[in-house]
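One structure below.
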DNA sequence: CTCCAGGGGGCCA
DNA sequence: TGGCCCCATGGA
C-alpha cells in the first residue's frame, strides 16, 4: 500500500500543476549531458540505477573518448563492461549499448536530427533489445527532441499519492495518455514536466522517507 | 543488516 | 497479459 495525501488531484489539473511547479521550482535544465550521444547513452545506463552512479560510468567513457557510437560498436564488450561498472548491471548494459549504437548507425547514420514521425521512431527504438518504454521515451524527448512524455517510477508514485491514479498496476501508456489529454504537445513542457517530477520525487516523494508534509504539490493544491 | 535507485528481458502458463 | 526471476553496484 502507498500512502495518499489529502486533498486529491484530478487528471484535469495536470497542466495547472505543471505551471505551478514550474513557477515554484523554475527550469530544471534537463537532460544532463553535453551531446546527444551522451544523453542517449545515459538513458540506457540509468536503468534501475541512481544518476550518481551513471555519472561515474559516463566519466569513464568520456575520459577514453568513447561517447561515440562507432567506437562503442567496435569496442571489446568486456572492456566496455568494466568502464561502465559503477552504473551496475554492467554486463547487460554493455550489450545494450552495443545494440543501441548499432541501431543508431544503421538506422540514422548516428544522427539525431531526423524527420521521422515520433511514433514510428518509438516503434523502432522499442525493437532494440535493451530499450523499453521509459528508455525509448527519454531518448526521443531529450536526444531527438520530439514531444514524447516520459513516465517513470516517480511519476507513477506522485500521481498515486495525490489520487490522480487509483492503482500502481496501471499501464505505462495509460499514464502517458493522461498527460497527452491534459497538456499541450510541446517539447519544452514535456522536458520540464518530467524533470520537475523527478525533482519532487527525489526530494519529497521517495519510497523510504516520504516528506509529504513539505511537498510543494501539497501546498500548491490549496489554491 | 535491509531496501532501494530515473528498468528491461526471458520464460511460462 | 500477468507473474516471477535475473541482472549488480552504491547509498541511506
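In our numbering, the protein residues as written are 45 to 267.
In this text, a Cβ means the ideal position worked out from N, Cα and C, and glycines have one as well.
Excluding sequence positions up to five before and after residue 72, its CB lies within less than 7 Å of the CB of 236, 239, 240, 243, all in the same chain and listed in chain order.
For residue 53, no alpha helix (DSSP H) encloses it, and the DSSP letter there is neither H nor E. Ranked by how close their Cα comes to the Cα of residue 245, the residues 260, 79, 149, 161 have 260 in first place. In summary, residue 127 is buried, with 16 or more beta-carbon neighbours lying within 10 Å of its beta-carbon over all protein chains present. Leaving aside the five residues that flank residue 189 on each side, the residues in its chain whose CB is nearer than 7 Å to its CB run, in chain order, 231. The shortest C-alpha to C-alpha distance from residue 130 to any of 90, 61, 197 is the one to 90. Between residue 58 and residue 223, the C-beta spacing is below 8 Å. Inclusion of residue 168 and residue 139 in the CB contact set at 8 Å is not warranted, their separation being larger than that value. Counted as a single uninterrupted DSSP element, the stretch harbouring residue 254 is not any alpha helix (DSSP H), since DSSP gives it neither H nor E. Exposed is the label assigned to residue 163, since fewer than 16 other Cβ atoms lie within 10 Å of its Cβ.
In this structure, DSSP gives residue 72 a state outside helix and strand, which the three-state scheme calls coil. Counting only residues of its own chain and dropping the five nearest sequence neighbours on each side, residue 183 has a CB closer than 7 Å to the CB of 84, 87, 169. Shown here, residue 155 sits in coil according to DSSP, grouped into three states, outside any helix or strand. Taking 8 Å as the cut-off, the Cβ atoms of residue 219 and residue 200 count as close.
Per the Cβ contact rule, the stretch 144-151 is in contact with the stretch 171-180 (3 or more Cβ pairs under 8 Å).
In this structure, the alpha-carbon of residue 166 lies about 35 Å from that of residue 253. Straight across, the Cα-Cα distance linking residue 265 with residue 61 is about 8 Å. The Cβ neighbour count for residue 197, taken over all protein chains shown within 10 Å, is under 16; the residue is labelled exposed.
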